[in-house]
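Colleague: I have a structure I would like to understand better, so I am pasting it below and will then ask my questions one at a time.
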Amino acid sequence: MSISGLLNIYKPIDWTSFDVVKKLRSLYQIKKVGHAGTLDPFAEGVLPVAFGQATKWIPYVQRGSKEYIALIYCGIATDTADIAGREITEKREFSPEEIATFSYDDFAPVRDLLAERIGSVSQVPPMFSARKHQGQRLYDLARRGVEVERQAKEITVEAGELLAASFVEWSESVTEPVPSEAAGFAHLQGIWKEYFRRPLPQPISPGKYLVLLVRWSVSTGTYVRVLASDLGADLGTNAYCAALLRSSYGSQHYTAASTLTALPTDVAELFASGLLLSADEALADFPPLYVDAQELQKLYWGQSFPIAPERLDGDIASPYRAVNRPPDAPRVTHGIVNIVYTEGRPWVKAERMFPV
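In terms of my numbering, the sequence shown is numbered consecutively and its last residue is 356.
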């Protein structure tokens, strides 16, 4: 039995995204498997994985915005800007006056900086990334101690929100953190437990840190660990991302994601489980354009056709899902179409039609 569809997988920490793909290839004995967006090994959360013909949906799944929950330790920096890296700066100790000011203002400087960085942002990719320079992966160069100039890329930060903050100290002899202010730390731990399924991680080295939990909604290609590092720099310190959860990806949410250990092991059971998403579900971010059988055939033949403006129920600048709803049958998404205007009249033009 062949598989075609998309799974919302919860990628665990210490797995690469390709580890997940290999696991699913082996589990269901299918070669054509691909994921819709890399998560670093230290990160966890939503990883959309497509099977069979559904791999053709991936470029459109990737257009969806992504939401992340980032745990940030402000005080030192690492070479990777995350917890997997090596400490590269001396610890920046916060003075009692700074701690008092931050706490008294309910961490207003952090909230203000997050608000300032909403919109189009120029971001330089980190050396420890999969981007290429003259045919070589940046992380391969970084591991050899080579640093090259990287071209900045425009990204979009749709939202940035401080969920919780606290000054916390870890000592060499005591593994439990000691907060500067009990109520603030209790709030931070409560928010942490809402999202993450594990204890608060210890920092790379002992000391007192400004600990932040931040929620960001961003466009494809954004490095959240760079956002975390830049936020620390704007606060006059260093910072790294200690934990990262991709909480949503387009219409897929982490609370509905399947863990690898909980997946059905049999293909028939997978189909029966309802976990395998159709194109209609996987591409729910695109507004539907309902077409009849004749119009659908034209789209598959590559022909454009005019439509009445009232049939468009969404942003005219965005692509639509071409949806056919036969009588007494579930609706089916057959592809992605664009709306182009000729002499003020909307025409439908196929961008990508999926195999029937």
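Beta carbons: idealized from backbone N, C-alpha and C, even for Gly.
(1) For residue 92, tell me which candidate among 150, 238 and 36 has the shortest Cα-Cα distance.
(2) Cutting at 8 Å between CB atoms, please list the residues of its own chain near residue 265, excluding the five before and the five after it.
(3) Looking at the unbroken beta strand (DSSP E) that takes in residue 44, where does it start and where does it end?
(4) Go to residue 69, then tell me how far its beta strand (DSSP E) extends in each direction, as first and last residue.
(5) Tell me where the alpha helix (DSSP H) around residue 59 begins and ends.
(6) Rounded to the nearest angstrom, what separates residue 338 and residue 86 at their Cα positions?
(7) Excluding the five sequence neighbours on either side, which residues of its own chain have a C-beta within less than 6 Å of the C-beta of residue 347, listed in chain order?
(8) Residues in its own chain within less than 7 Å of residue 15 by CB, not counting five upstream and five downstream?
(9) Tell me the rounded alpha-carbon separation between residue 250 and residue 333.
(10) Please report the distance separating the alpha-carbon of residue 411 from that of residue 7.
(11) Is residue 167 helix, strand or coil by DSSP?
(12) For residue 254 and residue 47, what's the separation of their Cα atoms in angstroms?
(13) What does the Cβ neighbour count give for residue 246, buried or exposed, with the cut at 16 atoms within 10 Å?
(14) Going by DSSP, which residues form a beta bridge with residue 217?
(15) Starting from residue 101 and walking both ways along the alpha helix (DSSP H), at which residues does that stretch end?
(16) Return yes when the Cβ of residue 161 is within less than 8 Å of the Cβ of residue 215, no when it is not.
(17) Measuring CA to CA, which of 79, 270 and 43 is closest to residue 370?
(18) Could you tell me the alpha carbon to alpha carbon distance between residue 353 and residue 335, rounded to whole angstroms?
(19) Counting beta carbon pairs with one atom in the region 163–172 and one in the region 184–195, are three or more of them shorter than 8 Å?
(20) Can you tell which of 259, 267, 263 and 321 has the C-alpha that lies nearest to the C-alpha of residue 291?
(21) CB-CB under 6 Å to residue 67, same chain, minus the five flanking residues each way: which ones, in chain order?
(22) Alpha carbons only, please: which of 76, 187 and 285 is nearest the one belonging to residue 204?
(23) For residue 95, does the count of other Cβ atoms within 10 angstroms reach 16, so buried, or fall short, so exposed?
(24) How close, in whole Å, do the beta carbons of residue 228 and residue 201 come, if the pair is a contact with beta carbons under 8 Å?
(25) Assuming residue 126 contacts residue 81 (C-beta within less than 8 Å), just tell me the rounded distance between them.
(26) Under the assumption that residue 212 contacts residue 110 (Cβ atoms under 8 Å), give the Cβ distance between them as a whole number of angstroms.
(27) Among 252, 330, 285 and 287, whose alpha-carbon lies nearest the alpha-carbon of residue 49?
(28) Express the C-alpha separation of residue 308 and residue 44 in angstroms, rounding to a whole number.
(29) Using the C-alpha atoms, what's the distance from residue 159 back to residue 115?
(30) Taking the DSSP output, what are the residues bridged to residue 333?
(31) How far does the alpha helix (DSSP H) with residue 190 in it reach, from first residue to last?
Modeller: Judging by the given coordinates:
(1) As a working mapping, residue 92 is identified with position 92 in the sequence shown. That would be 238, whose Cα lies nearest to the Cα of residue 92.
(2) For the purposes of this step, residue 265 is taken as residue 265 along the sequence shown, with counting starting at 1. Residues of the same chain with a CB within less than 8 Å of the CB of residue 265, apart from the 5 flanking positions on each side, are 27 in chain order.
(3) Reading the sequence shown from its first residue, position 44 is the one you call residue 44. Here the beta strand (DSSP E) through residue 44 covers 43–51.
(4) Indexing the sequence shown from 1 puts residue 69 at position 69. That run of the beta strand (DSSP E) goes 66–74.
(5) Reading the sequence shown from its first residue, position 59 is the one you call residue 59. Bounds of the alpha helix (DSSP H) holding residue 59 are 58–61.
(6) Residue 338 sits at position 338 when you count from the first residue of the sequence shown. Residue 86 sits at position 86 when you count from the first residue of the sequence shown. Looking at the two C-alpha atoms, the distance is approximately 47 Å.
(7) Your numbering for residue 347 matches position 347 in the sequence shown. 304, 306 and 340, listed in sequence order.
(8) Residue 15 sits at position 15 when you count from the first residue of the sequence shown. Correct list, in chain order: 41.
(9) For the purposes of this step, residue 250 is taken as residue 250 along the sequence shown, with counting starting at 1. For the purposes of this step, residue 333 is taken as residue 333 along the sequence shown, with counting starting at 1. One C-alpha to the other measures close to 17 Å.
(10) As shown, the chain starts at 1 and ends at 356. That puts residue 411 outside it, with no answer to give.
(11) Stepping through the sequence shown from its first residue, residue 167 is reached at position 167. In the structure shown, residue 167 sits in a strand (DSSP, three-state: E or B).
(12) Mapped onto the sequence shown, residue 254 falls at position 254. Mapped onto the sequence shown, residue 47 falls at position 47. Rounded to the nearest angstrom, the two C-alpha atoms are 9 Å apart.
(13) Numbered from its first residue, the sequence shown carries residue 246 at position 246. Residue 246 counts as buried, since at least 16 other C-beta atoms from the protein chains shown sit within 10 angstroms of its C-beta.
(14) The residue you call residue 217 lines up with position 217 of the sequence shown. BP columns for residue 217 point to 67 and 159.
(15) Counting from 1 along the sequence shown, the entry for residue 101 is found at position 101. It spans 96–104 - the alpha helix (DSSP H) in which residue 101 sits, taken as one unbroken run.
(16) Taking the first residue of the sequence shown as position 1, residue 215 is located at position 215. Taking the first residue of the sequence shown as position 1, residue 161 is located at position 161. Contact: yes.
(17) Outside the shown range of the chain (1 to 356) lies residue 370, about which nothing can therefore be said.
(18) Looking up residue 353 in the sequence shown gives position 353. Looking up residue 335 in the sequence shown gives position 335. Near 4 Å, if we compare the C-alpha coordinates of residue 335 and residue 353.
(19) Yes: the two stretches touch, three or more of their Cβ pairs being nearer than 8 Å.
(20) Here the question's residue 291 lines up with position 291 in the sequence shown. Considering only alpha carbons, the answer is 321.
(21) For the purposes of this step, residue 67 is identified with residue 67 of the sequence shown, where counting begins at 1. If we look at residue 67 and ignore the five residues flanking it on each side, its Cβ neighbours are 217, 247 and 248.
(22) By 1-based counting over the sequence shown, the position of residue 204 is 204. Distance from the Cα of residue 204 is smallest, within the candidate group 76, 187 and 285, for 76.
(23) Translated into positions along the sequence shown, residue 95 becomes position 95. So residue 95 counts as exposed.
(24) Reading the sequence shown from its first residue, position 228 is the one you call residue 228. Reading the sequence shown from its first residue, position 201 is the one you call residue 201. Residue 228 to residue 201, Cβ: 14 Å. No contact.
(25) If you number the sequence shown from 1, residue 126 lands on position 126. If you number the sequence shown from 1, residue 81 lands on position 81. Yes, residue 126 and residue 81 are in contact; Cβ-Cβ is about 6 Å, under 8 Å.
(26) Taking the sequence shown and counting its residues from 1, one reaches residue 212 at position 212. Taking the sequence shown and counting its residues from 1, one reaches residue 110 at position 110. Correct: roughly 6 Å between the Cβ atoms.
(27) By 1-based counting over the sequence shown, the position of residue 49 is 49. Ranking 252, 330, 285 and 287 by Cα distance to residue 49 puts 252 first.
(28) For the purposes of this step, residue 44 is taken as residue 44 along the sequence shown, with counting starting at 1. For the purposes of this step, residue 308 is taken as residue 308 along the sequence shown, with counting starting at 1. Near 45 Å, if we compare the C-alpha coordinates of residue 308 and residue 44.
(29) Within the sequence shown, numbered from 1, the residue matching residue 115 stands at position 115. Within the sequence shown, numbered from 1, the residue matching residue 159 stands at position 159. Roughly 8 Å between the two C-alpha positions.
(30) For the purposes of this step, residue 333 is identified with residue 333 of the sequence shown, where counting begins at 1. According to DSSP, which records beta bridges pairwise, residue 333 is partnered with 323.
(31) Along the sequence shown, read from residue 1 onward, the residue named residue 190 stands at position 190. 182–195 is the extent of the alpha helix (DSSP H) around residue 190.
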